[in-house]
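**Q** Residue numbers (UniProt numbering), protein chains in the order written: chain A, 1 to 899; chain B, 1 to 899.
Pasting a structure here, questions to come.
2 protein chains.
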Amino acid sequence: MTQKKWVYVFNELDQASAYVGGSWDAVRGLLGGKGANLFEMYRIGLPVPPFFTVTTEACNAYLASGEKFPEGMWEQELDALHKIEEASGKKFGDPSNPLLVSCRSGAKFSMPGMMDTVLNIGLNDETVQGMIKLTNNPRFVYDSYRRLIMMFGAVVLGLPDEAFEEPMEAFKHQKGAKADTDLTAEDLKELSEIFKKVVRENKGFDFPQDPIEQLRLATEAVFKSWNGKRAIDYRRAEGIPDNLGTAVNIVTMVFGNMGWDSGTGVAFTRNPSTGERKVFGEYLLNAQGEDVVAGIRNTDPIEKMAETLPEAYNEFMKICEILEKHYRDMQDMEFTIERGKLWMLQTRNGKRTAKAAIKIAVDMANEGLISKEEAVMRVSTKQVDAMLHPQFDENARKAAKKEGRLFATGVNASPGAAVGQVFFDADTAEKKGKEEGLQVIMVRPFTKPDDVHGMLAAKGILTSEGGATSHAAVVARQFGVPCVVGASAIRIDLEKRQMKVGDVVVKEGDWISLDGATGEVFLGKLDLTVPNLEEQQDLLTLLNWADEIARLQVWANADYPKDARRARSYGAKGIGLCRTEHMFFEPERLPIVQRMILAETIEERKKALDELLPFQRSDFEGLFEAMDGYPVIIRLIDPPLHEFMPDEEKLFEEVITMRVKGETKGLAEKEKLLASIRAMHESNPMMGLRGVRLSIYMPEIVEMQVRAIFEAAANCTLRGVKVKPEVMIPLTGTVKELEWIQPRLERIAKQVMSEKGVNFPYKFGTMIEIPRAAVTAGEIARLAEFFSFGTNDLTQMTFGYSRDDAERNFLIKYVEEGILEKNPFQTLDREGVGRLMRMAVEEGRRTRPELEVGICGEHGGDPDSIEFCHLIGQNYVSCSPFRVPVARLAAAQAAIKNR
Amino acid sequence: MTQKKWVYVFNELDQASAYVGGSWDAVRGLLGGKGANLFEMYRIGLPVPPFFTVTTEACNAYLASGEKFPEGMWEQELDALHKIEEASGKKFGDPSNPLLVSCRSGAKFSMPGMMDTVLNIGLNDETVQGMIKLTNNPRFVYDSYRRLIMMFGAVVLGLPDEAFEEPMEAFKHQKGAKADTDLTAEDLKELSEIFKKVVRENKGFDFPQDPIEQLRLATEAVFKSWNGKRAIDYRRAEGIPDNLGTAVNIVTMVFGNMGWDSGTGVAFTRNPSTGERKVFGEYLLNAQGEDVVAGIRNTDPIEKMAETLPEAYNEFMKICEILEKHYRDMQDMEFTIERGKLWMLQTRNGKRTAKAAIKIAVDMANEGLISKEEAVMRVSTKQVDAMLHPQFDENARKAAKKEGRLFATGVNASPGAAVGQVFFDADTAEKKGKEEGLQVIMVRPFTKPDDVHGMLAAKGILTSEGGATSHAAVVARQFGVPCVVGASAIRIDLEKRQMKVGDVVVKEGDWISLDGATGEVFLGKLDLTVPNLEEQQDLLTLLNWADEIARLQVWANADYPKDARRARSYGAKGIGLCRTEHMFFEPERLPIVQRMILAETIEERKKALDELLPFQRSDFEGLFEAMDGYPVIIRLIDPPLHEFMPDEEKLFEEVITMRVKGETKGLAEKEKLLASIRAMHESNPMMGLRGVRLSIYMPEIVEMQVRAIFEAAANCTLRGVKVKPEVMIPLTGTVKELEWIQPRLERIAKQVMSEKGVNFPYKFGTMIEIPRAAVTAGEIARLAEFFSFGTNDLTQMTFGYSRDDAERNFLIKYVEEGILEKNPFQTLDREGVGRLMRMAVEEGRRTRPELEVGICGEHGGDPDSIEFCHLIGQNYVSCSPFRVPVARLAAAQAAIKNR
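If you want it as structure tokens, here you go:
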């Protein structure tokens, strides 16, 4: 039996690859991401300092066996050390020509902060002297030495940082040194001794002078760091499995500070902030890597290297091209030049801004480096989203936090940043915003439908109650208004017109800044940057590619013609949800609506409805015109009638007050109105008299609506507009509801078409938002020509969560405790709600193979949910206009991922 | 091709049977129930007047072809007529020896009132003379003749009754006759002429003198009556299919009024009211059947026939025995004796009271006439239910209605009759009922958990709001208190302490009587009859047989030891649901509960919980003792905390009033309490912070409860009681909730057992009442050792119906309009909710084959729902103690039906 191979030397990539079966992913799994890239660079002939890697399997074996190196590992590591001694011509522990190495962890996925690097392993009291001779720079060598002891002490031996920092401060004070740089070579030598004493006193043994012992301990420390608290927390947060383990990379140290023919730098193959196709980086002559990062000296742009180190520069430029072509992605590299010789220390796919990500993806596809599919996969939906909303300047955000201006944090309900003055009610917000032209942030404990006019006039919305699908959140997303909800630390005092967190008071008119993407609320103004879709040619190109690839269409939820126009300009191929009741809330219409509701006879009711008909008809004409050629799904009235009535509590207070004061004028009227509103009261309105139930209870309203829809469609047809109206019946729970209402409505549709003498295609269909509708979808599809999943309500009822309450009460705790992986109102619960959806699609299509299936809940704009919609074979997703670009990308990514 | 056979003569049963494939059910389908029994009686040699039957197929063919007799039918009918002429020795239309026949409809299922019988077909001006000679009774013959014309005119020719009644009244007036009996033979002859004139004037043709024409028209009329409005309405109401059609029975007339050796009667083979095994009936000498029914002369009990017509009597007694043995059920028969010769005119299974049904079933099984299974199937669950509740005397009910004392009608929420004085709040009701010993009917618009003490002290409950699963209804059923809810015509004025329907006022203290089985509310007192299970030996026997047969066990929902004892005495084999929160509402505990809820620190909360622990422990000890040897499922706290708090609206009113009046004393406290209550407010509490969510939010409460359960179980074990506690976690929606809470609770369980040094079997499980729980039951069963379907909530969420609102708002309309076949809160919706339940059982058992599955929702006491529970393989159903006997029978019937 051959012994298992635990250690791979720089030229053994093929063996590692063969061992794991050949895939690059598996190689990364065995050698870690950092290690794998070092091997790969070596393999394609790039200059990498001699190195070897101890595998993740060794780490796992070590941890599994109670922290013992697996059999043969250490011997293999020593063998590998000899091989890099040979390759480098140096010798570990040899005072005359010492080999120094770095020791770094490297897991399959990057885990920053898991463990610090230990540099300069191999230095001891003897090799220090050899290094001084080699470098002629005793200060650098002693500095390296004291750093090794400190880093080793902290990282490997587990001493607290203060154990070194306190004596160092004392020493500097004694020497009269302000900065570390004020210390001389002699001082640093002395400090090394002090640090050695720290180790001895704290650990009871000396800092190991034996380089081999240093290496062994460092290797073990890296292994152990896999189960350190920081690493575990990070894995939890990022969803990285615990069983991967980390590799250990041992790399020959090279020095950029060996004179003016030496240097070090970092660079990207393209500009990570703009995406421009030009190497972007910085370097320092006669310096070490940490000097570039620390910013002690001013770095030079990489271009300048062409003058100072032309040969190395040219070689590096070639390497950039090779690496980008090789990895087919923008690379982020570290390099060092030691006495004119270029060494590559790291390469990896570079992080980039949203803008750069899009430009690079599109450019690379145009250059033929990657396919359009790859380009589509290279950009995240978050990056596209970021391109559509104003954002805070990151430096401004950091500065504000430092200054203690973070006022509160809530649920990130609608992305985008907003700066404005605080107003505490809808009327004032509208007045200040529309009439006075102020930048308004509307602040409320929570919002209601009759607050919408104020919300529309605001740049941002902040509530102290409610969750991601509360009224405020839904409306805000719908209209693309940045919004933070449920910032529960805030106490709003509507009477005093102020809000407080602790002692910090924000009064009406004060400025705040809020970020709907992070949920942060700042005091005062933060600087904003504002992107614009039409000007973003690269993004438009990418989204067109996405449309070619996607199988799902993207439609939009839009209630008004202007929203429909925006949706269309963002690429929507239809309206998946027009909520007709929003039209009822407009100030000139609401009194008619209330009259209609309170009508005591059918005649009175019909009279009020006759007054509403022209309003609705003209709204619908606008929608049809905006969506010329595309389908428009109009949902019949859904909310319970009491939502259109004045606030019960306020009215009750007025009545009580009048009674106590003995005022009688108007009291009887108010009492009557109160009684009417109370008669409409429901214990659980979410599950009450609404949707199709209301239509069956009071069919006159939807009869008017269907007449308005078909009159509008007929008028548009006569004007040459191509209309495709689809009438959607909400809240169906049994096919018998459709059997009751749908034929009556279809009769009206046909009647209007015959009155107007026109013909156009139309559909009648239903929302699937009641669990029972999903369970009996096969029956429902007998009548319904289309399904639209109302996943907000479907999620509410499948989970039994009231969305108005749950996020505030227990959902946050549930997500924190891991009881729910994600907020199911933001990301579709595939296991529960999704299973019902899948049943509905399958059984609905069994009855009616051509059944059109979409989604119009909040989830229609969520990438993970969109993937699920793709998987169950929906025809489209519908989301708020501002989410359309994101959804287009997500639809394409879903198609590619699941080919 | 032989012609289809449309008509069967009395001796052709074998042919009919062969044609339909031999089953009795199919024979009834072809010949109708009445006809089939005539054939059967003939077949077994009983004396039946010669007859023939036109098939239901002929009826269907007639109706399908646009009211044309199918080919050959009429010829077959004339042939058949000849055959009965031969058999009877009489001749149709022969003045010297005329054959007269009756013509009756007879569908597969009895449809009373669908069509009247036409008797004496064959009488005309000529045959009248023959009949007079034969009978020597011209008055009888002319009376028969004028009746024929009248009946024929009304039933066959479609004339309104008044067309005959008005001229008859005028004629009687003219003759000075008060009653019909005052008319002489001569008068009746004259009246025949008048009636013939009525026909001529109204129809434009003469009353058909041709007997064949009479027969043809009567046959057609019976066919047409199948599609008459009355028949269609009846079929709708009874769920009889429209495509069955009716048969037509043509039977030779025999006459009981041909002298003192003739007579007629009706009889049952056993007493239909007590079930006593003795022929029960009445007869009249020298009379026709209608005389018995009309009550013009006093009938004699059947026994007397032994003296007056001993031969016929003996023959009839033999026939009774033959028929009962033959049909293996109690028979309801009509017979006529014509000149000493007994003729059987009808037999059918007799209707009977609940008491008789049970006695007859048990007796017949004991006699070996039927099997125990058949006995179990012979009694309906409604009959068993009727035996357990006080009931109004039916005559008293009829009288009260006649007197206009029916005050209102509502939903029949909890069966049983109650008589008492009205009180309008729980405290008064309790005081009057418990302290003063009055019979109390508690009346409220609706009830809440803190009304329970009043409800328990009441003999009956009446509400003007709410439906069959409102709080009032559920509690009433739970405690077997008769209850009518949602009597929406009633206006309750709590301030004036009165209620009104229109102008009728009932003041506090007035007497009313209500029937929870019919939903009726009467003014004043009605007489009651009160049954008692223990004394009903037959019922006990029947239920024991049911238990032997059933596969489902029947458990009970019981919160208190006394309920558990009752449940056990009613045959419950376990407690399927003990609602621990009911214990929290008791007056001495509620303040502690409120203190616990409002606690600002964990310590304060734990202190309050420590005070509650002994109460709960002693409650549980009582339960375990009562159920010694049987499992007891205890549900951990379920309702949202605000249910334990004072009424928000009332408090708000107090606060406003104090503010307006400028009163400050105690205001701050009230405001603080109001704020606390408001902070708990939820938009949809049904879907809010309750059940396991509350347990995760505030685990201290359930930790206390589990400790109380296990301490109680341990104490009981030490006293020699055999305990089987099962801890039920409510409202689970994801297995992760169980993963969070269950191990903590199991730890406490184990700890208590080890503290007490005892061991007993126990289980932890969950309710399945959230759709998502059903959909992910396979996962949930990893932790849950038992499932209990909470079908109230599961129905609410699967349908999206709030039970507090739906019945009041739209459910009644939905049932009326046929959108819902039945109220899904009363009878399980198999298609939707049931499908989820079936998934849950199948997938739960796939994970855990020994999973115990039950139901504890209201449906656990509903026979149709119990059948479904049987079908999906549940282990038990749990219902209110008072429903246990019903459920036991239903479980057995489900097993028999689905063998």
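Beta carbons: idealized from backbone N, C-alpha and C, even for Gly.
#1: Within the 8 Å Cβ cut-off, does Trp74 of chain B reach chain A?
#2: Could you pull out every residue in the same chain whose Cβ sits closer than 7 Å to the Cβ of Glu663 of chain B, ignoring the five residues on either side in sequence?
#3: Rounded to the nearest angstrom, how far is the Cβ of Asp559 of chain A from that of Arg579 of chain A, given a contact under 8 Å?
#4: Taking the beta strand (DSSP E) that Val251 of chain A belongs to, which residues open and close that run?
#5: Determine whether the beta carbon atoms of Val251 of chain A and Val443 of chain A lie at a separation below 8 Å.
#6: Please report the distance separating the alpha-carbon of Ala773 of chain A from that of Thr732 of chain A.
#7: Would Leu244 of chain B and Ala107 of chain B qualify as a contact pair, given that the criterion is a beta-carbon distance under 8 Å?
#8: Quick one: what's got a C-beta closer than 8 Å to residue 901 of chain A's C-beta in the same chain, skipping five residues either side?
#9: Pick out the complete alpha helix (DSSP H) segments inside the stretch 695-719 of chain A, 4 residues or longer, and give them in chain order.
#10: At 3 residues or longer, and completely inside the stretch 554-584 of chain A: list those beta strand (DSSP E) runs for me, N to C.
#11: For the alpha helix (DSSP H) containing Asn544 of chain B, name the first residue and the last one.
#12: Measure from the alpha carbon of Val48 of chain B to the alpha carbon of each residue in B:Ala895, B:Met253, B:Val752, then state which is nearest.
#13: My parser needs the alpha helix (DSSP H) runs of 4 or more residues fully inside the stretch 326-413 of chain A; what are they?
#14: Between which two residues does the beta strand (DSSP E) carrying Ile768 of chain A extend?
#15: Put residue 901 of chain B into one of helix, strand or coil per three-state DSSP.
#16: In this structure, how does DSSP classify Ala679 of chain B when only helix, strand and coil are distinguished?
#17: Using a Cβ-Cβ distance under 8 Å, would Leu689 of chain A count as near chain B?
#18: Any idea if Gln537 of chain A is buried or exposed, counting beta-carbon neighbours within 10 angstroms, 16 or more meaning buried?
#19: For a contact meaning CB atoms closer than 7 Å, what does Met797 of chain B contact in chain A?
#20: Under 8 Å between C-beta atoms, does Gly832 of chain A make it to chain B?
#21: Does the separation of the CB atoms of Gln421 of chain B and Gly509 of chain B fall below 8 Å?
#22: Quick one: which residues of the stretch 693-727 of chain B get their C-beta closer than 9 Å to a C-beta of chain A? List them in chain order.
#23: Can you tell me which residues form a DSSP beta bridge with Val101 of chain A?
#24: Alpha carbon to alpha carbon, how far is Pro863 of chain A from Ala365 of chain A? Give it in angstroms, no decimals.
#25: Count the other C-beta atoms from every protein chain shown that fall within 10 angstroms of the C-beta of Thr529 of chain B, then say buried if there are 16 or more, exposed otherwise.
#26: Among A:Arg707, A:Arg659, A:Leu667, which has the Cα closest to the Cα of Asp610 of chain A?
#27: To the nearest whole angstrom, what separates the beta carbons of Thr766 of chain A and Ile780 of chain A, a pair I think is in contact under 8 Å?
#28: Return helix, strand or coil for Phe644 of chain B, following the three-state DSSP convention.
#29: According to a CB-to-CB cut-off of less than 8 Å, which residues of the stretch 803-827 of chain A neighbour chain B?
#30: Relative to the C-alpha of Ala418 of chain B, which residue among B:Leu406, B:Ser464, B:Ile492, B:Asp527 is closest?
#31: Just to confirm before moving on: does the CB-CB distance between Ile633 of chain B and Met728 of chain B stay below 8 Å?
#32: With a CB to CB cut of under 6 Å and the five nearest residues on each side skipped, what residues in its chain are close to Asn349 of chain A?
#33: Does DSSP put Ile633 of chain B in a helix, a strand or coil?
#34: What distance in whole Å lies between the Cβ atoms of Val853 of chain A and Gln826 of chain A, which are believed to be in contact at a cut-off of 8 Å?
#35: Comparing C-alpha positions only, which one of B:Lys736, B:Glu785, B:Glu126 sits nearest to Phe764 of chain B?
#36: Checking contacts by CB at 8 Å: is Leu836 of chain B closer than that to chain A?
**A** Based on what the coordinates show:
#1: For Trp74 of chain B, no CB of chain A lies under 8 Å from its own CB, so it is not counted at the interface with that chain.
#2: Nothing listed; no residue qualifies.
#3: About 5 Å separates the two Cβ atoms, so the contact holds.
#4: Residues 246-252.
#5: Contact flag unset, no.
#6: Just so you know, the alpha carbons of Ala773 of chain A and Thr732 of chain A end up roughly 6 Å apart.
#7: For Leu244 of chain B and Ala107 of chain B, yes; Cβs fall inside 8 Å.
#8: Outside the shown range of chain A (1 to 899) lies residue 901 of chain A, about which nothing can therefore be said.
#9: Annotation: the stretch 695-719 of chain A contains the following complete segments of the alpha helix (DSSP H) (minimum length 4 residues), in chain order: 699-718.
#10: As far as the stretch 554-584 of chain A is concerned, its whole beta strand (DSSP E) runs of at least 3 residues are 575-579.
#11: Counting along the chain, the alpha helix (DSSP H) containing Asn544 of chain B begins and ends at 537-549.
#12: Measuring from the Cα of Val48 of chain B, the nearest candidate turns out to be B:Met253.
#13: Qualifying alpha helix (DSSP H) stretches, in chain order: 354-367, 372-378, 381-386, 394-402.
#14: Boundaries of the beta strand (DSSP E) harbouring Ile768 of chain A: 763-768, taken from the DSSP string.
#15: Not covered by the structure: residue 901 of chain B. The range shown for chain B is 1 to 899.
#16: Helix, per DSSP.
#17: Yes, its Cβ sits closer than 8 Å to a Cβ of chain B.
#18: Looking at its Cβ environment, which holds fewer than 16 other Cβ atoms inside 10 Å, Gln537 of chain A is exposed.
#19: The answer, in chain order, is Pro771, Met797, Gly800.
#20: Closer than 8 Å: yes.
#21: Yes, the Cβ-Cβ distance between Gln421 of chain B and Gly509 of chain B is below 8 Å.
#22: From the stretch 693-727 of chain B, only Arg693, Leu694, Ile696, Tyr697 have a Cβ closer than 9 Å to chain A.
#23: Beta-bridge partners of Val101 of chain A (DSSP): A:Ile121, A:Thr252.
#24: Spanning the alpha carbons of Ala365 of chain A and Pro863 of chain A requires a straight line of approximately 23 Å.
#25: Taking every protein chain shown into account, the CB of Thr529 of chain B has fewer than 16 other CB atoms within 10 angstroms, so this residue is exposed.
#26: Answer by Cα proximity: A:Arg707.
#27: Contact between Thr766 of chain A and Ile780 of chain A holds: CB atoms are separated by about 6 Å, below the 8 Å threshold.
#28: In the three-state scheme derived from DSSP, where H, G and I count as helix and E and B as strand, Phe644 of chain B is classed as helix.
#29: Residues are counted here when their Cβ sits less than 8 Å from a Cβ of chain B; for the stretch 803-827 of chain A these are Asp804, Asp805, Ala806, Asn809, Phe810, Lys813, Tyr814, Glu817, Gly818, Ile819, Leu820, given in chain order.
#30: Comparing alpha carbon positions, the residue from B:Leu406, B:Ser464, B:Ile492, B:Asp527 closest to Ala418 of chain B is B:Asp527.
#31: Yes, these two residues count as a Cβ contact at 8 Å.
#32: Answer for Asn349 of chain A: Asp329, listed in chain order.
#33: Here Ile633 of chain B sits in strand by DSSP.
#34: At roughly 21 Å, the Cβ-Cβ gap does not stay under 8 Å, so Gln826 of chain A and Val853 of chain A are not in contact.
#35: Each of B:Lys736, B:Glu785, B:Glu126 was checked against the Cα of Phe764 of chain B, and the nearest Cα belongs to B:Glu785.
#36: Residue-level contact by beta carbon holds for Leu836 of chain B and chain A, with a gap shorter than 8 Å.
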